[in-house]
Amino acid sequence: MIAHKPFGAHRRSVALFGGTFDPPHTGHVAVAQAVERRFHLDAVYFIPSSRPPHKSQRELTPFIHRYTMVALACAEHPRLIPSLAEAPAGPPHVFYTIDTVRGYHREHPDDHLYFVVGADQFLELPTWKNYEILLDSCDFIIASRPGFRLDALRLVIPPEKLGRTPSTDPHKITLRKSAVHLLATVACHVSSTEVRERIERKQSIRGLVPARVEEYILSQALYR
Ligand code: ATP
Numbered sequence: 002m003i004a005h006k007p008f009g010a011h012r013r014s015v016a017l018f019g020g021t022f023d024p025p026h027t028g029h030v031a032v033a034q035a036v037e038r039r040f041h042l043d044a045v046y047f048i049p050s051s052r053p054p055h056k057s058q059r060e061l062t063p064f065i066h067r068y069t070m071v072a073l074a075c076a077e078h079p080r081l082i083p084s085l086a087e088a089p090a091g092p093p094h095v096f097y098t099i100d101t102v103r104g105y106h107r108e109h110p111d112d113h114l115y116f117v118v119g120a121d122q123f124l125e126l127p128t129w130k131n132y133e134i135l136l137d138s139c140d141f142i143i144a145s146r147p148g149f150r151l152d153a154l155r156l157v158i159p160p161e162k163l164g165r166t167p168s169t170d171p172h173k174i175t176l177r178k179s180a181v182h183l184l185a186t187v188a189c190h191v192s193s194t195e196v197r198e199r200i201e202r203k204q205s206i207r208g209l210v211p212a213r214v215e216e217y218i219l220s221q222a223l224y225r
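If you're matching positions, the sequence shown starts at 2 in the working numbering and goes up one per residue.
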């Protein structure tokens, strides 16, 4: 059966941006804005993970605080949307990107989907659950991070996934079923680790996080 679209509906292009966001910082917002503009996206969903597989060593700030900070970071940007896709529900379980991406496809089968990831995280891709299937499931946008060479990222992609005709665009890797885009226009040094460490050392975090996030961190006495 053909589903009828509302009159005038277009195929939406959206990106999922997963992370711990502990806390969200100006680098995250800069990446999301650059991605939104570069790929003409209808929405960039920030998905704080209640239990990410790769960052289990450190105790995370409770989900409710991280989600609130993400919502505050997105507040001034109509196309940056906080998402509860990896909110705690039922018995504690780890969230895997492949399941989040599949869940999105199930709910919005017509949307064109990108997954945004920093260069540091993309290098870890071979440790992600079903990463080869994940590479087929959506386009990737890799945000550069100072200290990471974008050309090294190509080595992470299994050769059999590569498309037959290489892209002429140096910032695009064509895969058989999808594409990997390199976003080289943002070079922001900020990390959540640095923000947490500065607060511990009682140093200012002005400009490292959005102003509303800074206010929230101070009012809730987080990271002390
Ligand atoms: P931490 O310092 O706690 O490890 P983080 O700053 O890397 O945190 P995350 O919440 O883990 O922040 O990041 C979510 C996503 O955003 C990841 O894919 C990460 O690579 C990317 N990212 C984080 N900071 C930057 C940045 N400054 N530039 C580009 N990408 C970034």
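Note that CB positions come from ideal geometry on N, CA and C, so glycine has one too.
The DSSP assignment places complete beta strand (DSSP E) segments of no fewer than 3 residues inside the stretch 22 to 67 at 44 to 49, in order along the chain.
Scanning 174, 96, 126 and 33 for the CA closest to the CA of residue 85 turns up 96.
At a cut-off of 7 angstroms, the beta-carbon of residue 189 counts as near the ligand ATP: some heavy atom of the ligand is closer than that. Per DSSP, the continuous alpha helix (DSSP H) segment holding residue 120 begins and ends at 120 to 123. The C-alpha of residue 14 lies about 11 angstroms from the C-alpha of residue 139. Minimum Cα-Cα distance from residue 133 among the listed residues 152, 121, 120 and 178 corresponds to 178. Collapsing the DSSP output to three states places residue 14 in a strand. Closest option to residue 157, judged by alpha-carbon separation, among 20, 207, 25 and 120: 120.
As DSSP reads the structure, residue 170 sits in no beta bridge. Boundaries around residue 106 are those of the alpha helix (DSSP H), 98 to 108, since no beta strand (DSSP E) includes it. Between the beta-carbon of residue 75 and that of residue 82 there is about 6 angstroms, and that keeps the pair under the 8 angstroms contact cut.
Per the coordinates, the alpha-carbon of residue 90 lies some 19 angstroms from the alpha-carbon of residue 46. Shortest gap from the CB of residue 193 to any heavy atom of the ligand ATP: under 7 angstroms. For residue 135, the uninterrupted alpha helix (DSSP H) run begins and ends at 132 to 138, by DSSP. The alpha-carbon separation between residue 32 and residue 44 amounts to approximately 13 angstroms. Counting only the Cα atoms, residue 54 lies some 10 angstroms from residue 21. Rounded to the nearest angstrom, the Cβ distance from residue 27 to residue 191 is 6 angstroms, consistent with a contact under 8 angstroms. The beta carbon of residue 197 sits closer than 6 angstroms to those of 224, all from its chain and outside the five residues before and after it, given in chain order.
When DSSP states are grouped into helix, strand and coil, residue 219 belongs to the helix group. DSSP places residue 181 outside any alpha helix (DSSP H); the residue lies instead in the beta strand (DSSP E), whose first and last residues are 180 to 184. Boundaries around residue 200 are those of the alpha helix (DSSP H), 193 to 201, since no beta strand (DSSP E) includes it. In the structure shown, residue 210 adopts extended strand secondary structure according to DSSP, grouped into three states.
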